[in-house]
Amino acid sequence: MSYQEFIIAFETLISGFAAARFFQGWGEMIKYRRKFSYYWGHTLTTLVAFFILIQQWWGAFGRPMAIVHNIWDFTFLLTIPAIFYFMSVQFFPNYRGQTVVLRHYFQKNLRIYGLYFFLYFFILTMRYIYYDLPMWDERGLTRAAGLVFSLAMIITNSRRLTEVIMVISGSMVIWFFSVVEPPEVQDLYIPSPGTPTEIRRDTTQPAMQNP
Numbered sequence: 005m006s007y008q009e010f011i012i013a014f015e016t017l018i019s020g021f022a023a024a025r026f027f028q029g030w031g032e033m034i035k036y037r038r039k040f041s042y043y044w045g046h047t048l049t050t051l052v053a054f055f056i057l058i059q060q061w062w063g064a065f066g067r068p069m070a071i072v073h074n075i076w077d078f079t080f081l082l083t084i085p086a087i088f089y090f091m092s093v094q095f096f097p098n099y100r101g102q103t104v105v106l107r108h109y110f111q112k113n114l115r116i117y118g119l120y121f122f123l124y125f126f127i128l129t130m131r132y133i134y135y136d137l138p139m140w141d142e143r144g145l146t147r148a149a150g151l152v153f154s155l156a157m158i159i160t161n162s163r164r165l166t167e168v169i170m171v172i173s174g175s176m177v178i179w180f181f182s183v184v185e186p187p188e189v190q191d192l193y194i195p196s197p198g199t200p201t202e203i204r205r206d207t208t209q210p211a212m213q214n215p
């Protein structure tokens with residue numbers, strides 16, 4: 005296994021833990037469905053978060069040279085699945101035999117959900133600023149909307165507003181998956197200071213970009 009493959013495998017392991025936590029939570033809700041009072045807003049929010057994680061994971065494989073030769077890009081790559089792992093822990097209540105009213109549980113944790121979403125979009129935006137990448141293309145508008153929506157969740161703590169936000173966010177996720185084309189890998193490779201000059205960009209494979 006090459007160093008590049010090892011780095012990507014490690015990132016895959018971290019992202020896999022986060023994704024597995026979502027499946028575990030949904031599985032418990034299905035297994036003990038008679039003990040859960042379901043709420044569509046909770047289900048939609050978990051789906052939006054899960055597909056953002058999947059998109060982030062999918063996009064990571066498009067910049068292998070960047071994560072191998074730039075410690076900041078690698079650190080960023082590991083931060084994102086960590087955020088979604090802790091978010092998934094907060095999404096799903098620990099089942100202890102009693103009936104769980106998901107509407108009340110969702111309302112109780114709204115600000116925490118908003119904080120996790122804000123951290124994700126903030127870190128993503130800081131990466132683009134640090135590397136002087138395009139800020140106001142389709143991805144930039146997606147990030148800006150995410151920051152505004154997550155701040156609204158934190159400030160208002162309104163379940164009704166969050167329902168509207170999640171419907172819009174779900175539509176944006178579907179739109180992003182369907183419309184936005186991946187850029188070429190050479191646009192993503194950002195050498196860190198001290199990178200040997202003999203290292204060249206790998207332009208043989210298409211790359212995936214994050215929102």
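Per my numbering, the sequence shown starts with residue 5, numbered consecutively. Note that CB positions come from ideal geometry on N, CA and C, so glycine has one too.
Phe96 (DSSP reduced to helix, strand or coil) | coil
What three-state label does DSSP hand Ser6 in the structure shown?
-> Coil at Ser6, not helix or strand.
Starting from Ser154 and walking both ways along the alpha helix (DSSP H), at which residues does that stretch end?
-> Glu142 to Thr160
Do you know how far the Cα of Gly20 is from the Cα of Ala13?
-> If you take the alpha carbons of Ala13 and Gly20, they lie about 10 Å apart.
Between Ala53 and Phe96, which are expected to be in contact by the criterion C-beta below 8 Å, what is the C-beta distance as a whole number of angstroms?
-> That pair is no contact at about 11 Å.
Quick one, which of Thr166, Ala23, Arg164 and Phe10 has its alpha-carbon nearest Met91's?
-> Ala23
Can at least three beta-carbon pairs, one atom from the stretch 143-158 and one from the stretch 124-133, be found at a separation below 8 Å?
-> Remark: three or more beta-carbon pairs, one from each stretch, lie closer than 8 Å, so the stretch 143-158 and the stretch 124-133 are flagged as touching.
Going by other Cβ atoms of all chains shown within 10 Å of its Cβ, with 16 needed for buried, is Val168 buried or exposed?
-> Burial check for Val168: the Cβ neighbour count within 10 Å stays below 16, so the residue is exposed.
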